[in-house]
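In my numbering, the protein residues as written are 99 to 422. Data block below; observations after.
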Ligand code: UT7
């Protein structure tokens, strides 16, 4: 039997309307636009309005991707949502989005891999398609991470933003996705985490402290090293060389991390999609937001090879090398 591949046929994204600049944050914590820009590359972030949820952003991004694809929700046979900030404990955000889209009946589930949530979801969806189980899949990365930020803590509050991105994947006779890689090492759990959950640290007191904790410098070091070996592994899995890659579309956490990965790939920054200045770190939203920006701005063209990667809490790290 001829092999089946998965192919991205369309992208979409959604950002909250409210934009918060570095100067706005100078009024809240002891920080400066200069510090934030030089250490992270971030200039602004979008922040969800009161009552606006991860599911709302995911739904909008999904609608845009489906409309661009010319695919009706009822045609979908799988929905996977990468998120660490689901609307509810259950049902999953994927189920909530499925109902709003009118795709009722197909399997739908969330994947929690922190900032690697979208990359994990894409890898899973690719395997569903390759196995012949699914033909049209909606993959979303969506977050309202600012909901779990301590706005008094300058080490973390300047880093994050809210947003969502989506892709429609379709079964195809040619790639498409050449290779995906996924990894995790829970031994690093306390370097980047939110130590409150349903079964541990839970309290029904209002605002009882669901907050992100990060040892930034340590995360930075491991991220750079890990992403170096991840891109090598991905090239090898796809049987490609650095020179075969047209665009690097990395997780948007820190411009210095992105530059280090580009250097490892011997890619000039003109071949790297950077949105961290506009969106900050939107966790699972970051790669699909950057991809949608790259497509809609006309940078990424059909037939080009894209290397997507992410690194996040867990630690988790994951990648995909694909022909767009
Ligand atoms: O998406 C998941 C993956 N996450 C990441 O990849 C994040 C990885 N880490 C980072 O991006 C960087 O480590 C940070 C941007 C978080 C921090 O940058 P850094 O260059 O590692 O700074 P640092 O943590 O070593 O702090 C340097 C100084 C400290 O002051 P002292 O001890 O040198 O006096 C901090 O207190 O900067 C201070 N600082 C700030 N100053 C102004 C920390 N946050 C701020 C701030 N404004 N917002």
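Beta carbons are placed, not taken as given, at the ideal position from N, Cα and C, and that holds for glycine. In this text, all values refer to a predicted model and were calculated from it rather than measured experimentally.
Asked                                                                                                                                                           : Found
May I ask you to report which of helix, strand or coil DSSP gives residue 312?                                                                                  : strand
With a threshold of 8 Å, are at least 3 pairs of Cβ atoms found where one atom belongs to the region 213-224 and the other to the region 141-150?               : no
Could you check the C-alpha separation between residue 122 and residue 259 for me, to the nearest Å?                                                            : 14 Å
Helix or strand or just coil, what does DSSP make of residue 217?                                                                                               : helix
Would DSSP call residue 400 helix, strand or coil?                                                                                                              : coil
Give me the Cα-Cα distance between residue 398 and residue 300, rounded to the nearest whole angstrom.                                                          : 44 Å
Which ranges does the beta strand (DSSP E) cover as unbroken runs of at least 3 residues, wholly within the region 259-310, from first to last along the chain? : 260-270 and 275-282
Taking only three categories from DSSP, how would you classify residue 175?                                                                                     : coil
Is the beta carbon of residue 310 within less than 7 Å of some heavy atom of the ligand UT7?                                                                    : no
Residue 150 by DSSP, collapsed to three states: which one?                                                                                                      : coil
The ligand UT7 and residue 296: does the residue's C-beta get closer than 7 Å to at least one heavy atom of that ligand?                                        : no
I need the boundaries of the beta strand (DSSP E) containing residue 386, first residue and last residue.                                                       : Run containing residue 386: none in the beta strand (DSSP E); it sits in the alpha helix (DSSP H), 384-394.
Got a sec: does the ligand UT7 put a non-hydrogen atom nearer than 7 Å to the Cβ of residue 253?                                                                : yes
Can you name the start and end residues of the alpha helix (DSSP H) that residue 377 belongs to?                                                                : 374-377
Report buried or exposed for residue 310, applying the criterion of at least 16 other Cβ atoms within 10 angstroms of its Cβ.                                   : buried
Pairs of beta-carbons, one from the region 320-327 and one from the region 348-360, closer than 8 Å: are there three or more?                                   : yes
So the alpha helix (DSSP H) residue 196 belongs to, where does it begin and stop?                                                                               : 191-199
Okay, do the region 106-124 and the region 160-174 touch, 3+ Cβ pairs below 8 Å being the bar?                                                                  : yes
With hydrogens ignored, establish whether the beta-carbon of residue 250 is closer than 7 Å to any heavy atom of the ligand UT7.                                : no
Can you look up residue 234 in the DSSP assignment and give me helix, strand or coil?                                                                           : strand
Does any C-beta atom of chain C lie closer than 8 Å to the C-beta of residue 339?                                                                               : Absent from the structure is chain C; it holds one protein chain and no more.
Is it buried or exposed, residue 341, if we count other Cβ atoms within 10 angstroms and call 16 or more buried?                                                : exposed
Tell me the DSSP secondary structure of residue 362 in three-state form.                                                                                        : helix
What residues are listed by DSSP as bridge partners for residue 117?                                                                                            : 144
Do you know how far the Cα of residue 252 is from the Cα of residue 295?                                                                                        : 23 Å
Who are the Cβ neighbours of residue 338 in its own chain at under 8 Å, not counting the five residues just before and after it?                                : 276, 403 and 419
Beta carbon of residue 141: closer than 7 Å to some heavy atom of the ligand GDP?                                                                               : Among the ligands modelled here, namely the ligand UT7, the ligand GDP does not occur.
Once DSSP output is grouped into helix, strand and coil, what is the label at residue 155?                                                                      : helix
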